[in-house]
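What follows is a single structure, written as structure tokens, with notes after it.
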Amino acid sequence: DVVLTQTPSILSATIGQSVSISCRSSQSLLDSDGNTYLYWFLQRPGQSPQRLIYLVSNLGSGVPNRFSGSGSGTDFTLKISGVEAEDLGVYYCMQATHAPLTFGSGTKLEIK
Amino acid sequence: QVKLQQSGAELVKPGASVKLSCKTSGYTFSTSYMSWFKQIPGQSIEWIGMIYAGDGGTGYNQKFKGKATLTVDTSSSTAYMDLSSLTTEDSAVYFCARMVLITTLFDYWGQGVMVTVSS
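One line per chain: the protein sequences are A and B, in this order. In terms of this note's numbering, the first sequence opens at residue 3 and continues consecutively. In terms of this note's numbering, the second sequence opens at residue 152 and continues consecutively.
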């Protein structure tokens, strides 16, 4: 199975600060169809995951544009440009290029 | 609007089975896919498998073959997951999430259901 390694595991930020989360894959996530099936989710406490980014860099519907995704191959990054209080929770990257679909171990964002 | 409504919390005995439901509305269920996930509180998320509502075709994570069985009822736009031979290791929150097109992969999720396996 593909292993996704997220760093850091815990991130502490002040309101307005910009932060980045890294997701490194054990295999290239570039599919033979030309797509890279890398996604980012936020799970707020007690809630279901919410999709933020799809196909590496596409913003999900209704997701604020302070969120952005980038990367290719095996290295990916989620950036939050100006953290807001509602952004606290656990962020997960997920890959759907290789079966089975797998998730990273998560990055917990705390607000100082 | 799109909704995925899961059934309520379950308390089941070891060795028993349980059937979870995910009732959908607000989109064309019969031409969509539904995936199921397991999350032990405080841990990451595991993908269990996916079913295509159009023909019932399924794909499973090898880890969950023999444990989970996915089905659908297109007449009620509902997806189901049967979990069998339950042990305490199956105690977790289970989610459903849809896909219509690759760009809509897991854009809507159910609220999750807690399954507790205990004697």
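Note that beta-carbon positions come from the ideal geometry of N, C-alpha and C, so glycine has one too. Keep in mind it's a predicted model, so treat the numbers as computed, not measured.
Residue i in three-state terms, based on DSSP
{"i": "B/Thr-220", "result": "strand"}
{"i": "A/Thr-109", "result": "strand"}
{"i": "B/Phe-215", "result": "helix"}
{"i": "B/Asp-241", "result": "helix"}
{"i": "B/Thr-254", "result": "helix"}
{"i": "A/Glu-88", "result": "helix"}
{"i": "B/Thr-209", "result": "strand"}
{"i": "B/Ser-181", "result": "helix"}
{"i": "A/Ile-17", "result": "coil"}
{"i": "A/Val-5", "result": "coil"}
{"i": "B/Thr-267", "result": "strand"}
{"i": "B/Lys-170", "result": "strand"}
{"i": "B/Tyr-203", "result": "strand"}
{"i": "A/Val-58", "result": "coil"}
Residues that DSSP places opposite residue i in a beta bridge
{"i": "A/Ile-23", "result": "A/Leu-80"}
{"i": "B/Thr-175", "result": "B/Leu-155"}
{"i": "B/Lys-189", "result": "B/Glu-197, B/Tyr-245"}
{"i": "A/Arg-68", "result": "Bridge partners of A/Arg-68: none, in fact."}
{"i": "A/Ser-29", "result": "A small fix is needed here, since residue 29 of chain A is Gln in this sequence, not Ser. DSSP output for A/Gln-29 lists no bridge partner at all."}
{"i": "A/Arg-53", "result": "A/Phe-43"}
{"i": "A/Ile-12", "result": "A/Lys-110"}
{"i": "A/Leu-103", "result": "A/Leu-103 pairs with nothing; no bridge assigned."}
{"i": "B/Asp-233", "result": "B/Lys-170, B/Thr-220"}
Close beta carbons around residue i, own chain, < 6 angstroms, minus the five adjacent residues each side
{"i": "B/Gln-156", "result": "Lys-174"}
{"i": "A/Leu-44", "result": "Gln-52, Leu-54, Gly-91, Tyr-93"}
{"i": "B/Lys-272", "result": "This structure cannot speak to residue 272 of chain B, because chain B is shown only from 152 to 270."}
{"i": "A/Ser-30", "result": "Gly-75, Thr-76"}
{"i": "A/Thr-79", "result": "Ser-22, Ser-24, Ser-72, Gly-73"}
{"i": "B/Met-265", "result": "Ala-160, Val-244"}
{"i": "A/Lys-81", "result": "Ser-22, Ser-70"}
Cβ-based neighbour list, residue i, same chain, cut-off 8 angstroms, excluding 5 preceding and 5 following
{"i": "B/Asn-212", "result": "Glu-197, Trp-198, Ile-199, Gly-200"}
{"i": "B/Thr-179", "result": "Val-251"}
{"i": "A/Leu-13", "result": "Val-21, Ile-23, Thr-109, Lys-110, Leu-111, Glu-112"}
Nearest-angstrom Cβ-Cβ length linking residue i and residue j, presumed shorter than 8 angstroms
{"i": "B/Phe-246", "j": "B/Gln-190", "result": "7 angstroms"}
{"i": "A/Gln-8", "j": "A/Ser-24", "result": "7 angstroms"}
{"i": "A/Tyr-56", "j": "B/Leu-256", "result": "6 angstroms"}
{"i": "A/Tyr-39", "j": "A/Thr-99", "result": "4 angstroms"}
{"i": "A/Val-58", "j": "A/Ala-15", "result": "About 23 angstroms; that fails the 8 angstroms criterion."}
{"i": "B/Val-223", "j": "B/Gly-207", "result": "6 angstroms"}
Alpha-carbon to alpha-carbon, residue j and residue i
{"i": "B/Phe-215", "j": "B/Leu-237", "result": "12 angstroms"}
{"i": "A/Asn-60", "j": "B/Ala-167", "result": "43 angstroms"}
{"i": "A/Gly-18", "j": "B/Gln-262", "result": "30 angstroms"}
{"i": "B/Ser-235", "j": "B/Val-169", "result": "7 angstroms"}
{"i": "B/Ser-270", "j": "A/Gly-64", "result": "44 angstroms"}
{"i": "A/Met-96", "j": "B/Leu-171", "result": "24 angstroms"}
{"i": "A/Tyr-41", "j": "B/Ser-226", "result": "32 angstroms"}
{"i": "B/Gly-217", "j": "A/Asn-37", "result": "32 angstroms"}
{"i": "B/Gly-205", "j": "A/Pro-102", "result": "21 angstroms"}
{"i": "B/Ser-186", "j": "B/Ala-230", "result": "9 angstroms"}
{"i": "A/Ser-11", "j": "B/Asp-258", "result": "24 angstroms"}
{"i": "A/Asp-89", "j": "A/Ser-83", "result": "11 angstroms"}
Own chain residues within Cβ distance below 7 angstroms of residue i, not counting five before or after
{"i": "A/Ala-87", "result": "Ile-17, Ile-113"}
{"i": "B/Val-268", "result": "Val-163, Pro-165, Leu-237, Thr-238, Thr-239, Asp-241, Ser-242"}
{"i": "B/Gln-152", "result": "Gly-177"}
{"i": "A/Gly-62", "result": "Arg-53, Leu-54, Ile-55, Tyr-56"}
{"i": "A/Pro-47", "result": "Gly-91"}
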